[in-house]
Amino acid sequence: MSIISNLSVLNQYSDYLLPRYSNFPLGRYVSLLVVRKTESETIFRTEGSGEGLVKETVIAGVEHTRPIRRVVISKRKQTAVERRTGREVLREHDLLKKDTKGQICALNTNAPCGKCIDCMLYGYAVGGGGAQKSRVMTEDAYSIGPVAQVTERRTFNATYDNGTMRNPLTGEASTSINEDEFVLPETHFLDIETLKDVTVGELQYVIANILRSSRYGAISSRMGKMRNMLAAMIFSDTEVFSNLEMTQVVYDQLLGNNDELDFPLSDGYESEPLIGNYALAYALSLCAAPYNWSGPPRYKEDLGPLNNKGLYVTPGTFAPNGLRYALSQFNAQSDSYYFRFDQNAIATEPNKKVRATNFPQSGKIRMLGLGSRASFFLINLQGIEVRLPPYIRLGKFNSKARLKWEKLTLKSEQPVERGEQPLDFLLNAADLPPAVIPHLRAFSIYNVHPAPLLSRCHLGGNFWHCVSGAGKDVYVPAGMRFGVDAIE
Ligand SMILES: [Zn+2]
Numbered sequence: 002m003s004i005i006s007n008l009s010v011l012n013q014y015s016d017y018l019l020p021r022y023s024n025f026p027l028g029r030y031v032s033l034l035v036v037r038k039t040e041s042e043t044i045f046r047t048e049g050s051g052e053g054l055v056k057e058t059v060i061a062g063v064e065h066t067r068p069i070r071r072v073v074i075s076k077r078k079q080t081a082v083e084r085r086t087g088r089e090v091l092r093e094h095d096l097l098k099k100d101t102k103g104q105i106c107a108l109n110t111n112a113p114c115g116k117c118i119d120c121m122l123y124g125y126a127v128g129g130g131g132a133q134k135s136r137v138m139t140e141d142a143y144s145i146g147p148v149a150q151v152t153e154r155r156t157f158n159a160t161y162d163n164g165t166m167r168n169p170l171t172g173e174a175s176t177s178i179n180e181d182e183f184v185l186p187e188t189h190f191l192d193i194e195t196l197k198d199v200t201v202g203e204l205q206y207v208i209a210n211i212l213r214s215s216r217y218g219a220i221s222s223r224m225g226k227m228r229n230m231l232a233a234m235i236f237s238d239t240e241v242f243s244n245l246e247m248t249q250v251v252y253d254q255l256l257g258n259n260d261e262l263d264f265p266l267s268d269g270y271e272s273e274p275l276i277g278n279y280a281l282a283y284a285l286s287l288c289a290a291p292y293n294w295s296g297p298p299r300y301k302e303d304l305g306p307l308n309n310k311g312l313y314v315t316p317g318t319f320a321p322n323g324l325r326y327a328l329s330q331f332n333a334q335s336d337s338y339y340f341r342f343d344q345n346a347i348a349t350e351p352n353k354k355v356r357a358t359n360f361p362q363s364g365k366i367r368m369l370g371l372g373s374r375a376s377f378f379l380i381n382l383q384g385i386e387v388r389l390p391p392y393i394r395l396g397k398f399n400s401k402a403r404l405k406w407e408k409l410t411l412k413s414e415q416p417v418e419r420g421e422q423p424l425d426f427l428l429n430a431a432d433l434p435p436a437v438i439p440h441l442r443a444f445s446i447y448n449v450h451p452a453p454l455l456s457r458c459h460l461g462g463n464f465w466h467c468v469s470g471a472g473k474d475v476y477v478p479a480g481m482r483f484g485v486d487a488i489e
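Encoded structure:
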């Protein structure tokens, strides 16, 4: 029997899922990477104690290694909520079974049925002995930001009906002055739920429970609203990285060169600063595209001739300390006197409805700020005469950028061979000579059009060995050319 999921995307991972329950572990893991975001004030306390929030001192990031305090959601708090969410559905559809005494399956009592999907997946124990181990494993979830940024304290005065702190009958002063510490709305926590040896149905059940659970923590009827988002699923035959490691890496990425994280963090993807080398070739006027052109990209026509001339330019890499950001607000405007903002569209006639368009009419954009610095290499193999412009225009808004050229000194006439050269500048994957590809030891990838860019490469092969004016050795891969034939 093979079970086909109605989520067709899961079918391609059937090797990592079981056709049916197996009583012995088979080592098939599914890790669900979950982003949890509070949508109201929330309190996570340890079991039973009347203490404040659970906090732990941990190392902030892998690169930023100072210790910080983070808010913790303990692992049991998470699955308890999600189990109850799932059991609501089971109860509604009569899918909770009866135990041996005819009692309907109930959580935290002596009457687990031992047959329903909740008992089988999340586990149960019976008073008289016997237990089913849980196949849903969780870890403590950490706030990405530090305690000081994501929490607040407030004094709650428990006032009487007459609005004062004195009992209207006895006149005695109230003693119910409490200070509560809570997690602020729009705080993000990262979490991994690891499922072992599950069927596709069990996987869908757990995912649904995560996505449908919306209240966590103490006094969750009044606060503790939370939204869970499934960021990724990893199918593997072993455990992947830990929750804390993931939080630390994400912290580094979000922090970048800033002193502290933004708060609140945006759910949206933040684009990374880079300058594609094909765009740069146009910007440098190494080639030119016509003003009026409605056909497909002209990379082959425009960049192909540069290959013949031995001219090549690498992507622009922003220096870690050369980045500034600016935030700007935009409004799309119409050129008519009358206009009206409709749902995702701008209407220009009073009595006419307009269709929604698929670009935003207003919003915020984050842009590279003044003073940001990027560098690139211009390779001129034949030493032909090239005009090196002092200024170019870049990006969506044709912003002006100043260029500072520096001529590198070639150390040897022929390329030199290097075993594993770390590179701190971006490479275009389509432009690398094919012989080099097997010698790419490590890299990160930016999936951008028209060809992916590689960063932090460790590369073996032939390099031009140059020296900068400051006496620094520079190794640039030899044989790079615009891969215009490969990207078509
Ligand atoms: Zn049960």
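For the sequence shown, the working numbering gives the first residue as 2, with consecutive numbering after it.
Backbone N, C-alpha and C define an ideal beta-carbon position, used for all residues, glycine too.
In this text the structure is predicted, and so the values were computed from the model without any measurement.
| Check | Outcome |
| --- | --- |
| 8 Å Cβ shell around Ile-446 - same chain, five flanking residues per side excluded | Ala-430, Pro-453, Leu-454, Leu-455, Ser-456 |
| Span separating the alpha-carbon of Met-368 from that of Ser-329 | 7 Å |
| Close beta carbons around Thr-58, own chain, < 6 Å, minus the five adjacent residues each side | Pro-68, Arg-70 |
| Coil, strand or helix - Tyr-292 by DSSP | coil |
| Range of the contiguous beta strand (DSSP E) that encloses Gly-311 | No beta strand (DSSP E) holds Gly-311; DSSP gives it neither H nor E. |
| Cβ-based neighbour list, Cys-117, same chain, cut-off 7 Å, excluding 5 preceding and 5 following | Leu-91, Leu-96, Leu-97, Lys-98, Cys-106 |
| Pairwise C-alpha distance: Val-35 and Lys-76 | 13 Å |
| Glu-421 - containing alpha helix (DSSP H), residue span | Counting along the chain, Glu-421 falls outside any alpha helix (DSSP H), though it belongs to the beta strand (DSSP E) covering 417 to 423. |
| Endpoints, the beta strand (DSSP E) within which Glu-194 is located | 189 to 197 |
| Where the beta strand (DSSP E) through Thr-39 begins and ends | 30 to 39 |
| Beta-carbon spacing of Val-184, Thr-43 below 7 Å | yes |
| Val-491 and Phe-377 closer than 7 Å at C-beta | Since the first and last residues shown for the chain are 2 and 489, residue 491 lies out of range. |
| Delimiting residues of the alpha helix (DSSP H) encompassing Gln-249 | 244 to 256 |
| Asp-486 versus Asp-432 - alpha carbon distance | 10 Å |
| Rounded C-alpha distance that separates Asp-253 from Lys-56 | 20 Å |
| Simplified DSSP state of Asn-138, which is helix, strand or coil | First, the residue type needs correcting, since residue 138 is Met and not Asn in the sequence shown. In this structure, Met-138 counts as strand in the three-state DSSP scheme. |
| Classification of Gly-87 by the beta-carbon crowding that lies within 10 angstroms, buried from 16 upward | buried |
| Close-in-space but distant-in-sequence residues of the same chain around Lys-102 (CB under 8 Å, 5 per side omitted) | Ala-112 |
| Residues passing the C-beta test against ligand 1 heavy atoms, cut-off 7 Å | Leu-97, Lys-98, Cys-106, Pro-113, Cys-114, Gly-115, Lys-116, Cys-117, Asp-119, Cys-120, Tyr-125 |
| DSSP-derived helix/strand/coil call for Lys-78 | helix |
| Contact between the stretch 377 to 390 and the stretch 301 to 316 (3+ Cβ pairs under 8 Å) | yes |
| Contact set for Ser-493: own chain, Cβ-Cβ below 6 Å, skip 5 residues either direction | Because the chain in this structure spans residues 2 to 489, residue 493 falls outside the shown range and cannot be described. |
| With 16 other Cβ atoms within 10 Å as the buried cut-off, status of Ser-3 | Note that Ser-3 has pLDDT 47, beneath the 50 cutoff, so the model's placement of it is unreliable and the number below is only indicative. Exposed: under 16 other Cβ atoms inside 10 Å. |
| Pair within 7 Å by beta-carbon distance, Phe-444 and Cys-458 | yes |
| Status (buried if at least 16 other CB within 10 Å, exposed otherwise) for Val-437 | buried |
| Where the alpha helix (DSSP H) through Leu-395 begins and ends | Element bounds for Leu-395: not the alpha helix (DSSP H) but the beta strand (DSSP E), 392 to 395. |
| Assigned secondary structure, Val-59 (DSSP; H/G/I helix, E/B strand, else coil) | strand |
| Distance CB(Glu-363)-CB(Thr-349) smaller than 7 Å | The amino acid at residue 363 is misidentified as Glu; the sequence shows Ser. No, the Cβ-Cβ distance between Ser-363 and Thr-349 is not below 7 Å. |
| Tyr-17 - containing alpha helix (DSSP H), residue span | Element bounds for Tyr-17: n/a, residue is neither H nor E. |
| Backbone CA spacing between Ser-267 and Cys-114 [nearest angstrom] | 43 Å |
| Delimiting residues of the beta strand (DSSP E) encompassing Ala-209 | Careful: Ala-209 lies outside any beta strand (DSSP E), inside the alpha helix (DSSP H) at 201 to 213. |
| Residues that Leu-97 bridges to, as DSSP identifies them | Its beta-bridge partners do not exist; DSSP assigns none. |
| Residues near Ile-211 in its chain [Cβ-Cβ closer than 8 Å; skip 5 each side] | Leu-33, Val-35, Glu-83, Glu-194, Asn-229, Leu-231 |
| Tyr-326, DSSP secondary structure in three states | strand |
| Top-ranked residue by Cα proximity to Lys-353, from Phe-342, Asn-359, Pro-361, Phe-360 | Phe-342 |
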